[in-house]
Amino acid sequence: MHADIEIEVDGEVRSTTVDTRTTLLDALRDRLGVTAPKKGCDHGQCGACTVLLHGRRVLSCLTLAVAHDGAVVTTAAGVAVGDALHPVQEAFVDHDGFQCGFCTPGQICSAIAMLEEAAAGHPSHVTDDLVAPVTLDDDEIRERMSGNLCRCGAYVNILAAVRSAAGT
Ligand code: FES
Ligand code: FES
Numbered sequence: 034m035h036a037d038i039e040i041e042v043d044g045e046v047r048s049t050t051v052d053t054r055t056t057l058l059d060a061l062r063d064r065l066g067v068t069a070p071k072k073g074c075d076h077g078q079c080g081a082c083t084v085l086l087h088g089r090r091v092l093s094c095l096t097l098a099v100a101h102d103g104a105v106v107t108t109a110a111g112v113a114v115g116d117a118l119h120p121v122q123e124a125f126v127d128h129d130g131f132q133c134g135f136c137t138p139g140q141i142c143s144a145i146a147m148l149e150e151a152a153a154g155h156p157s158h159v160t161d162d163l164v165a166p167v168t169l170d171d172d173e174i175r176e177r178m179s180g181n182l183c184r185c186g187a188y189v190n191i192l193a194a195v196r197s198a199a200g201t
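Position in the sequence shown (from 1) plus 33 gives the number in this note's numbering.
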């Protein structure tokens with residue numbers, strides 16, 4: 034079975050026809066040519082495919098494209114404003130938060146959404162005080178970014194970048 038879908042991707046409305054079993058990741062990459070989100074595991078384990086769906090981070094390999102007809106998707110390629118990088122992107126550059134870069138688009142999207150989640154007071158598994166404002170210390174950042182793996186092991190610099198973007 035096939036379905037016509039329309040998705041706004043990085044500010045541009047895109048239309049395509051997908052098999053209803055197609056993941057959002059495959060629709061983006063294979064049908065629409067949007068290659069910022071990467072396919073690492075295709076099983077929800079690595080975070081390389083992370084995109085922002087209506088501003089919230091999702092693993093695009095774990096959700097079906099047909100479920101998101103009319104959605105607004107932002108990838109790491111769409112967070113800059115003109116030539117001005119997003120502050121999280123700047124922080125990754127400043128702190129050398131990558132090596133091969135394969136995980137980076139997912140790390141960027143995840144970090145952007147994570148900072149907003151923390152600012153909104155969402156607790157994580159390591160949050161002690163569930164009512165106080167969230168302080169993004171290293172443990173909080175590690176926990177909140179734990180869904181994004183880096184096969185190059187650039188975690189020290191990723192942590193520094195996110196800490197910098199968080200202002201901590
Ligand atoms: Fe989606 Fe790994 S490709 S989590
Ligand atoms: Fe290579 Fe993270 S920079 S996988």
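Every residue gets a Cβ at the ideal spot worked out from N, C-alpha and C, and that includes glycine.
query: Who's in the neighbourhood of ligand 1, going by beta-carbon under 6 Å from any heavy atom, listed in chain order?
result: Ordered along the chain, the selected set is Lys-72, Gly-73, Cys-74, Asp-75, Gly-77, Gln-78, Cys-79, Gly-80, Ala-81, Cys-82, Leu-92 and Cys-94.
query: Does DSSP put Ala-104 in a helix, in a strand, or in coil?
result: Here Ala-104 carries a coil assignment [DSSP, helix/strand/coil].
query: Just checking my contact of Asp-161 with Thr-201 at CB under 8 Å: how many whole Å lie between their CB atoms?
result: About 16 Å separates the CB atoms of Asp-161 and Thr-201; that is not less than 8 Å, and the two are not in contact.
task: Using beta-carbon positions only, say whether Thr-56 and Ala-36 come within less than 8 Å of one another.
output: Contact flag unset, no.
- request: Starting from the C-beta of Asp-129, find all residues in its chain whose C-beta is less than 6 Å away, skip the five residues before and the five after it, and write them out in chain order.
  value: So the list reads Asn-190, once near-sequence residues are dropped.
- prompt: What does DSSP give as the partner residues of His-35 in its beta bridges?
  reply: Bridge pairing for His-35: Asp-52 [DSSP].
task: Please list, in chain order, all residues of the same chain as Asp-172 whose beta carbon is under 7 Å from its beta carbon, the five residues on each side excluded.
output: Within the same chain, and ignoring the five residues on either side of Asp-172 in sequence, the residues whose Cβ sits closer than 7 Å to its Cβ are Val-159.
- prompt: Between which two residues does the beta strand (DSSP E) containing Leu-92 stretch?
  reply: For Leu-92, the enclosing beta strand (DSSP E) covers residues 89 to 92.
Any heavy atom of ligand 2 within less than 5 Å of residue CB: hits in chain order: The answer, residue by residue, is Phe-131, Gln-132, Cys-133, Phe-135, Cys-136, Cys-183, Arg-184, Cys-185 and Ala-187.
field: First through last residue of the alpha helix (DSSP H) which encompasses Thr-137
entry: Run containing Thr-137: 137 to 152, per the alpha helix (DSSP H) assignment.
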